[in-house]
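Data first, discussion second: the structure below is written as structure tokens.
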Amino acid sequence: MKPTLVALVVSQALILPQAMAADSTEKSIDDLKRQLAEVTEELEYLSERVNKPETHAATDRVLITGDFRTKAHTLHYQDVVWSPGVTVATPMGNMPMSMNGPGFVPTAQDIDNDVFYTTRLRLNLKAKVFDNVSFAGRLTMFKNWGDSTQVNVFDSWNSFTMDGTNSGHPNGDTVRVERAYFDWKNIGGSELYLSIGRRPSSYGYPTNFRENELRGGTPSGHLVNFNFDGATLGYHTEHLTGMEGQVVRFCYGQGYESQWGNGELFGNTSVDDVNLGGFNIDILNDGTNFLQFILFGAKDVADGFKGTMSMPDELLAMFGQQGMGNVTPIVRYQPSTNIGDIYLSGLTFAREEDSGIKWFTSLGWTRTDPNGNFGMFGGMNNDPLYGMNEDGSLGAPIGTTDNEAHDGYSIYAGVQIPVGDGKFGLEYNYGSKYWTPFTQAQDDPIGSKLATRGHAYEGYYIHDINPKMFVKFAALYYDFEYTGSGSPVGAPQNIDEVLAGTAFTMLPAMDTAFDVNASITVKF
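Right under this line is the structure:
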């Protein structure tokens with residue numbers, strides 16, 4: 002072969018792979034461009050499909066919801082009387098030690114608070130920790146307008162700021178932890194679950210109806226509306242009994258820590274811890290019918306709780322101290338002794354009809370079992386009994402006026418009827434002389450209506466502005482028969498006898514009261 006032909010063949014052989022490579026590279030680039038366009042189109046589609054809740058769940062580990070409420074009240078109290086006296090073991094009875102004086106009766110007065118505003122903010126926290134473990138909490142700020150002192154003047158147990166009730170009483174702009182607990186479900190693949198922390202123990206059935214919200218707490222709201230720290234061990238028994246939604250729970254809590262923080266290093270702490278325990282059973286919960294049974298006890302109940310108060314001049318004078326008018330000392334109160342045990346039980350039934358009408362009935366029972374001890378404000382549903390010295394002066398306490406166990410009972414019923422874009426509700430409850438529930442965290446400013454020793458009536462109308470906003474107009478009327486509603490400390494006194502000057506009460510008491518209010522609530 003001639004050299005020229007050889008060179009031509011070699012050159013063509015070298016050029017052909019390069020040309021083929023160029024064609025392949027160009028094709029690859031085109032393929033990449035096409036794939037990139039497809040990926041871009043897919044991303045745009047996914048971006049359009051993912052809505053805000055999906056984005057929120059994918060990017061945030063904690064879900065935050067809440068509600069904001071502004072409320073205006075007009076509060077009126079009729080025949081308010083303060084008639085402190087001392088029961089003494091003399092033939093003359095308690096009249097010589099009465100601050101009224103022989104032949105006099107206490108002067109009753111009416112008190113009006115024409116406008117009382119409050120603001121409440123609640124933030125709900127939820128987080129999924131693992132497949133069967135979750136966390137839930139609630140932060141609450143509840144204040145009356147123009148006040149952030151966090152301490153109220155002590156004129157009733159309702160004005161006492163303490164651990165179990167601070168989320169339900171206006172006490173300043175401080176945000177408090179109302180709830181914080183974890184749920185560990187399906188332990189070992191079973192129907193058993195465990196929950197520990199600051200418990201969801203407020204606004205349970207049927208009190209959630211008047212709040213226009215779903216069930217807010219585990220125990221019956223008729224018996225318990227109180228912040229507890231403790232634990233719940235529960236078991237879903239629906240698969241065993243065939244009763245839909247049935248759950249059996251054992252609950253434990255500590256209501257008072259007697260040593261830490263109480264000066265125990267001085268060696269003079271003699272009060273025992275207050276412990277609570279019992280059963281809470283949802284017998285039936287099928288979405289239409291709800292039936293619940295509750296039974297628990299509080300052991301070694303003390304004559305109060307840790308808390309703060311501003312001491313009024315009236316009480317300072319009783320202890321031999323001079324008041325300063327508008328300057329009142331803030332004190333930290335802690336119990337002085339254990340006064341006995343309290344047992345509580347109740348049965349609650351609620352139902353929603355096909356027409357949307359909701360109705361409920363609830364029965365409650367309490368028993369107070371005193372141990373003979375008493376403190377500054379008395380013993381368990383009894384008062385101190387003092388002896389007289391030979392010279393006629395007041396001697397040391399020698400016992401209590403009553404050391405017997407007492408049963409109390411209560412009935413609670415209501416109905417809620419759909420009306421247009423809202424609902425109209427009526428409720429009634431009655432509590433006997435020794436009725437002693439744990440509902441002190443209910444945010445009724447006059448006092449927990451369900452703790453009333455007497456009659457309480459309520460009517461309300463709720464109008465839904467939109468699914469996340471509603472207004473409520475309500476009227477609440479109290480007709481007290483006995484003193485001491487909401488507290489186991491001190492003997493209940495007949496209101497008529499107090500007004501007549503034949504019975505005495507260390508804290509102010511009233512015959513009747515009513516609260517007319519309007520509120521607007523926004524949920525987010």
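Numbering (this note's numbering), first residue to last: 2 to 525. From the three backbone atoms N, C-alpha and C, an ideal C-beta is built for every residue, glycine too.
Legend entry - Spatial distance of PRO103 from GLU315 (CA atoms): Looking up residue 103 in the sequence shown gives position 102. Looking up residue 315 in the sequence shown gives position 314. Here PRO103 scores only 48 on pLDDT, less than 50, and its place in the model is too uncertain to base an answer on.
Inset, instruction - Have a look at TYR357 and ILE466 and give me their C-alpha separation to the nearest angstrom. - result: Here residue 357 is taken as the residue at index 356 of the sequence shown, counted from 1. Here residue 466 is taken as the residue at index 465 of the sequence shown, counted from 1. According to the sequence as given, residue 357 is Gly; it is not Tyr. So the alpha carbons of these two residues sit roughly 18 Å apart.
Legend entry - Proximity of PHE136 and PHE69 at Cβ, strictly below 8 Å: As a first step, residue 136 must be located in the sequence shown, where it is residue number 135. As a first step, residue 69 must be located in the sequence shown, where it is residue number 68. Judged by their CB atoms, PHE136 and PHE69 are not nearer to each other than the 8 Å cut-off.
Inset, instruction - Give a yes or no on whether the C-beta atoms belonging to PHE291 and PHE378 are separated by under 8 Å. - result: Against the sequence shown, residue 291 aligns to sequence position 290. Against the sequence shown, residue 378 aligns to sequence position 377. No, these two residues do not count as a Cβ contact at 8 Å.
Inset, instruction - Look up ARG70 in the DSSP assignment and give the residues it is bridged to. - result: What you label residue 70 is simply residue 69 of the sequence shown in a count that begins at 1. In the DSSP assignment, ARG70 forms a beta bridge with ARG121 and THR522.
Inset, instruction - Check the DSSP bridge columns for LEU1 and list the partner residues they point to. - result: This structure gives no information on residue 1, because the portion of the chain shown stretches from 2 to 525.
Legend entry - Cβ neighbours of PHE425 in the same chain (closer than 6 Å, five flanking residues each side left out): Stepping through the sequence shown from its first residue, residue 425 is reached at position 424. ILE418 and TYR462, listed in sequence order.
Inset, instruction - Could you tell me whether the Cβ atoms of VAL248 and HIS240 are closer together than 8 Å? - result: Locating residue 248 in the sequence shown gives position 247, counting from the first residue. Locating residue 240 in the sequence shown gives position 239, counting from the first residue. No, the Cβ-Cβ distance between VAL248 and HIS240 is not below 8 Å.
Inset, instruction - Using only alpha-carbon positions, find the residue among GLY262, ALA181 and ALA318 that is nearest to SER202. - result: Counting from one through the sequence shown, the residue named residue 202 turns up at place 201. Closest by alpha carbon: ALA181.
Inset, instruction - Look at MET244 and ILE282 and say whether their C-beta atoms are less than 8 Å apart. - result: Taking the first residue of the sequence shown as 1, we reach residue 244 at position 243. Taking the first residue of the sequence shown as 1, we reach residue 282 at position 281. No. Outside cutoff.
Legend entry - Local Cβ density within 10 Å of ALA510, reported as buried at 16 or more and exposed below that: Along the sequence shown, read from residue 1 onward, the residue named residue 510 stands at position 509. Residue environment: ALA510 is assigned as buried (16 or more neighbouring CB atoms within 10 Å of its CB, all protein chains considered).
Inset, instruction - Answer yes if the stretch 364-380 comes into contact with the stretch 335-352, meaning at least three C-beta pairs across the two stretches below 8 Å, and no otherwise. - result: At 8 Å Cβ cutoff, the stretches touch.
Inset, instruction - State the DSSP-derived secondary structure class of PRO92, mapped to helix, strand or coil. - result: To locate residue 92, count along the sequence shown from 1; it is residue 91. For PRO92, the predicted structure reports a pLDDT of 46, less than 50, and the residue's modelled location is therefore unreliable. A value from the coordinates is still provided. PRO92: coil per DSSP, three-state reduction.
Legend entry - Where MET434 sits in the DSSP three-state scheme: Taking the sequence shown and counting its residues from 1, the one referred to as residue 434 is at position 433. The question names Met, but residue 434 is Lys in the sequence shown. Coil, per DSSP.
Inset, instruction - Could you have a look at HIS240 and say whether DSSP puts it in helix, strand or coil? - result: By 1-based counting over the sequence shown, the position of residue 240 is 239. Here HIS240 sits in helix by DSSP.
Inset, instruction - My understanding is that PHE515 touches LYS469, with C-beta atoms under 8 Å, so please give their C-beta distance in whole angstroms. - result: Walking along the sequence shown from the start, residue 515 turns up at place 514. Walking along the sequence shown from the start, residue 469 turns up at place 468. Going by Cβ atoms, the distance from PHE515 to LYS469 rounds to 31 Å, so no, they are not a contact pair.
Inset, instruction - Quick one: grab the DSSP three-state call for ALA406. - result: As a first step, residue 406 is located in the sequence shown; it is residue number 405 there, counting from the start. ALA406 sits in coil when the DSSP states are folded into three classes, being neither helix nor strand.
Inset, instruction - Label SER486 either buried or exposed according to how many other C-beta atoms from any shown protein chain fall within 10 Å of its C-beta, with 16 as the threshold for buried. - result: Within the sequence shown, numbered from 1, the residue matching residue 486 stands at position 485. The Cβ neighbour count for SER486, taken over all protein chains shown within 10 Å, is at least 16; the residue is labelled buried.
Legend entry - Cutoff 8 Å; reference PHE471; Cβ partners in own chain excluding five residues on either side: The residue you call residue 471 lines up with position 470 of the sequence shown. Answer for PHE471: ASN213, GLY423, ILE463, HIS464, ASP465, ILE521 and THR522, listed in chain order.
Inset, instruction - Decide yes or no for the touch test of the stretch 116-136 against the stretch 303-311: beta carbon pairs closer than 8 Å, at least 3 of them. - result: Contact between the stretch 116-136 and the stretch 303-311 is absent, because fewer than three Cβ pairs lie under 8 Å.
Legend entry - Backbone CA spacing between GLN79 and TYR478 [nearest angstrom]: Translated into the one-based positions of the sequence shown, residue 79 becomes position 78. Translated into the one-based positions of the sequence shown, residue 478 becomes position 477. Approximately 11 Å, taken between the alpha carbons.
Legend entry - Per DSSP, the bridge partner or partners of LYS127: Here residue 127 is taken as the residue at index 126 of the sequence shown, counted from 1. As computed with DSSP, LYS127 is found in a beta bridge with LEU64 and ALA137.
Inset, instruction - Could you give the DSSP three-state label for ALA510: helix, strand or coil? - result: In the sequence shown, counting from the first residue as 1, residue 510 sits at position 509. Three-state DSSP puts ALA510 in a strand.
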